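*Asks:* The structure is given below, and queries will be raised subsequently.
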Amino acid sequence: MNAQPKFSDGERKQLLDAETDGRFPDPRGRFGPYGGRYVPETLIPALDRLEAGMREHLHRDDFQAELADQLTNWVGRPTALSYAPRLSAAWGAHIWFKREDLAHTGAHKINNALGQALLAQRLGARRIVAETGAGQHGVASAAACARLGLPCIVYMGAIDMERQAPNVGRMRLMGAEVVPVTGGDQTLRAAIDEALRDWVSDPMETFYLLGSAVGPHPYPYLVRELQAVIGREARAQFLQRHGSLPDAVFACVGGGSNSIGMFHAFIPDRNVAIIGIEAGGRGPGLGENAASLSYGRPGVLQGCYSLLLQDDDGQIHETDSISAGLDYPGVGPEHALLHTAGRVRYESATDAEALAALQECSRLEGILPALETAHALHGAKRWAKDHPGKHALLCMSGRGDKDMPTLQRTLLGSGA
Ligand SMILES: *Cc1c(COP(=O)(O)O)cnc(C)c1O
Numbered sequence: 003m004n005a006q007p008k009f010s011d012g013e014r015k016q017l018l019d020a021e022t023d024g025r026f027p028d029p030r031g032r033f034g035p036y037g038g039r040y041v042p043e044t045l046i047p048a049l050d051r052l053e054a055g056m057r058e059h060l061h062r063d064d065f066q067a068e069l070a071d072q073l074t075n076w077v078g079r080p081t082a083l084s085y086a087p088r089l090s091a092a093w094g095a096h097i098w099f100k101r102e103d104l105a106h107t108g109a110h111k112i113n114n115a116l117g118q119a120l121l122a123q124r125l126g127a128r129r130i131v132a133e134t135g136a137g138q139h140g141v142a143s144a145a146a147c148a149r150l151g152l153p154c155i156v157y158m159g160a161i162d163m164e165r166q167a168p169n170v171g172r173m174r175l176m177g178a179e180v181v182p183v184t185g186g187d188q189t190l191r192a193a194i195d196e197a198l199r200d201w202v203s204d205p206m207e208t209f210y211l212l213g214s215a216v217g218p219h220p221y222p223y224l225v226r227e228l229q230a231v232i233g234r235e236a237r238a239q240f241l242q243r244h245g246s247l248p249d250a251v252f253a254c255v256g257g258g259s260n261s262i263g264m265f266h267a268f269i270p271d272r273n274v275a276i277i278g279i280e281a282g283g284r285g286p287g288l289g290e291n292a293a294s295l296s297y298g299r300p301g302v303l304q305g306c307y308s309l310l311l312q313d314d315d316g317q318i319h320e321t322d323s324i325s326a327g328l329d330y331p332g333v334g335p336e337h338a339l340l341h342t343a344g345r346v347r348y349e350s351a352t353d354a355e356a357l358a359a360l361q362e363c364s365r366l367e368g369i370l371p372a373l374e375t376a377h378a379l380h381g382a383k384r385w386a387k388d389h390p391g392k393h394a395l396l397c398m399s400g401r402g403d404k405d406m407p408t409l410q411r412t413l414l415g416s417g418a
C-alpha cells in the first residue's frame, strides 16, 4: 500500500517556493513529484506537437488579444463579483461570489473550451474531439467549436448519455456529433480513453480538447493557464471593492479546473487561506466518495501521476457523489502538489451538506448553484463559524439548472 508521500518541512518549503516562482511544471511536465506523462509511446508525438504549438502561440499577444475579445464579447467576461448579504448574515462571515455561473453555457468550463478551440484553430486542426461525463464540458466544447466553425466529436459513456439526455440534445443542436462509448465503465473514464484513441489515430488533423486540469503534460498546465482568468479577475475586483484581499478563498475540486483557476492568483498571497472542497459523498469509506486528495494515494491515472482513489492492489476505485462533475477518482497534479506543500487545505463536504448549502444559497441569495459548487458553499459555511466578520471569496463555478432532475428527487420530492 502506498501511503501519501511524507516530506520534511524544508522539502515542502522548496516545493512551495518553486510553485510560487512559476518553476512548475518543470520541463518534464512535473509539479514536484506529480504530473508528467505516463502514456503509451504512440501518444508522445501528439503530446509533443501540442506542447510545441502551445508554447508558440498561447502567450503571444495576437493569440491573447483574440482570446480576450471572445471572452469579453461572447463568453461575457469579466463575470461579476457579488457580495452575498443574506448568507453573510446567516453564516456570520462576509461571503462573496465570483460568478462563473454567469459565463456563457452556465459554468467556468467555457473558458477552457474556447481557449483550446482557438489554439486548435491556430495549429491547423480540422476536427476537435472531446470527452464528457455529465455533459457540461461537451456542451462548452460544442459551443466553442460552433463559434469557430470547427467540427466537434464528443465521446460520452452510454450510461451518461442516458442520464444526461438534455445535454446530449444541446450538443447536437450546436452541431456536435455525440458518440456513445459502450466499452469499459461506460462513463467518463471510458470516454477519455476513447477520445485519446481517436486522437492517436490522426494526431495531425485532430485536436483533443480535454475538459479539466488532469491528464498528461501539457494539459494540466494548459487548462490552468486558460482558467487562471477567474482568479486574476476576482483578485482585482475584490481589491477594488473591498480595499484589501479576502481572508480565505474557496472552490470545489473535481478534476480541479475551476479551483486551480481561482486559486492560482492567490498562491503568493500567504495571508490568504486557500481551501478546496472535494466530494465527500456518503462518507469516508472507499467507494463512498470522490475525495482524491483527502483519502487518495499516489498512482497513475490517464497519463498523470497524482493522488487517486485506489484499493490496496492499486486498482482505481469506484467513486460516489451526488454531483456528476466531482465524481472522478483522480485530481490534477498541481492540486496534489499544493496539498503536499501545504499551501492549500483540502476538505470535503458530503452529499447532504452540499444539498443543504444549495438550498440556503438559493433561498437567501436568489442564486441556484450547481451541485458541485454547493460543496464549496458548505466549506465556506463551516469556515465562517470560526471566522466571524472575516471575508470569504468563493468560486461560484456554475448554475444549478442542470441539476433539476436530482433536486426534484432529493429536495422537492418526485411529485413536485
Ligand atoms: C465540471 C464542473 C466542476 C468540476 O470540474 P473542475 O474541473 O474540478 O472544475 C465544478 N463545477 C461545475 C459547475 C462544473 O460544471
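3 is the number of the first residue of the sequence shown in our numbering; add one for each residue after it.
Beta carbons: idealized from backbone N, C-alpha and C, even for Gly.
Predicted model only: the values in this text are computed from it and were never measured.
(1) With hydrogens ignored, establish whether the beta-carbon of S214 is closer than 8 Å to any heavy atom of ligand 1.
(2) Would you check whether ligand 1 has a heavy atom nearer than 8 Å to the C-beta of T22?
(3) Just checking A109 against ligand 1 - is the residue's beta carbon closer than 8 Å to any of the ligand's heavy atoms?
(4) Where L366 and A382 are concerned, what is the direct C-alpha to C-alpha distance, given to the nearest angstrom?
(5) Alpha carbon to alpha carbon, how far is L295 from Y330?
(6) Is it buried or exposed for G245, if we count other Cβ within 10 angstroms and need 16 for buried?
(7) So, at 6 Å on beta carbons, what are the nonlocal neighbours of R14 in its own chain, with the 5 sequence-adjacent residues on each side left out?
(8) Do you know whose CA, among A5, Y223, S84 and A132, lies nearest L212's CA?
(9) Can you tell which of A338, Y348, R411 and T375 has its C-alpha closest to the C-alpha of L17?
(10) Tell me whether E196 is buried or exposed, calling it buried when 16 or more other Cβ atoms sit within 10 Å of its Cβ.
(11) Grab me the residues of G233's own chain with a C-beta within less than 7 Å of its C-beta, minus the 5 sequence neighbours each way, in chain order.
(12) Just to confirm the assignment: which complete beta strand (DSSP E) runs, minimum length 3, are found wholly within the region 79-123?
(13) May I ask you to report which of helix, strand or coil DSSP gives A418?
(14) Tell me the DSSP secondary structure of T184 in three-state form.
(15) Which full runs of the alpha helix (DSSP H) of 4+ residues lie inside the region 308-379, going along the chain?
(16) Have a look at P248, T412 and A253 and flag the residue whose alpha-carbon is nearest the alpha-carbon of I324.
(17) Taking 9 Å as the cut-off, decide whether the C-beta atoms of A372 and S350 are in contact.
(18) What is the residue span of the beta strand (DSSP E) that E280 lies within?
(19) Quick check on G10: buried or exposed, where buried means 16 or more other Cβ atoms within 10 Å of its Cβ?
*Replies:* Reading it off the structure:
(1) The nearest non-hydrogen atom of ligand 1 is less than 8 Å from the C-beta of S214.
(2) Result no, Cβ not under 8 Å from ligand 1.
(3) Within the chosen limit of 8 Å, ligand 1 reaches the beta carbon of A109 through at least one heavy atom.
(4) Answer to the nearest angstrom: the Cα atoms are 15 Å apart.
(5) L295 and Y330: Cα-Cα distance of roughly 12 Å.
(6) Exposed, by the Cβ-count rule.
(7) Non-local C-beta neighbours of R14 in its own chain, meaning closer than 6 Å and more than five positions away in sequence, comprise A343 and G344, ordered along the chain.
(8) Comparing Cα positions, the closest option is A132.
(9) Of the candidates A338, Y348, R411 and T375, the residue whose Cα lies closest to the Cα of L17 is A338.
(10) Counting Cβ neighbours within 10 Å, E196 comes out buried, since at least 16 surround it.
(11) The beta carbon of G233 sits closer than 7 Å to the beta carbons of G263, M264, F265, H266, A267 and F268 from its chain, once the five residues preceding and following it are set aside; these are given in chain order.
(12) Secondary structure in the region 79-123: the beta strand (DSSP E) runs of 3 residues or longer, each lying completely within the stretch, are 83-85 and 96-101 in chain order.
(13) Reliability of the predicted coordinates at A418 is poor, the pLDDT of 48 falling under 50, and the value obtained from them is presented with this limitation in mind. Coil, per DSSP.
(14) T184 sits in coil when the DSSP states are folded into three classes, being neither helix nor strand.
(15) Whole alpha helix (DSSP H) segments, 4+ residues: 335-343 and 353-367.
(16) For I324, the nearest C-alpha among the options comes from T412.
(17) For the pair A372 and S350, the CB atoms are not nearer than the 9 Å cut-off.
(18) For E280, the uninterrupted beta strand (DSSP E) run begins and ends at A275 to G283, by DSSP.
(19) As written in the sequence, residue 10 is Ser, which differs from the Gly given in the question. Burial call: exposed.
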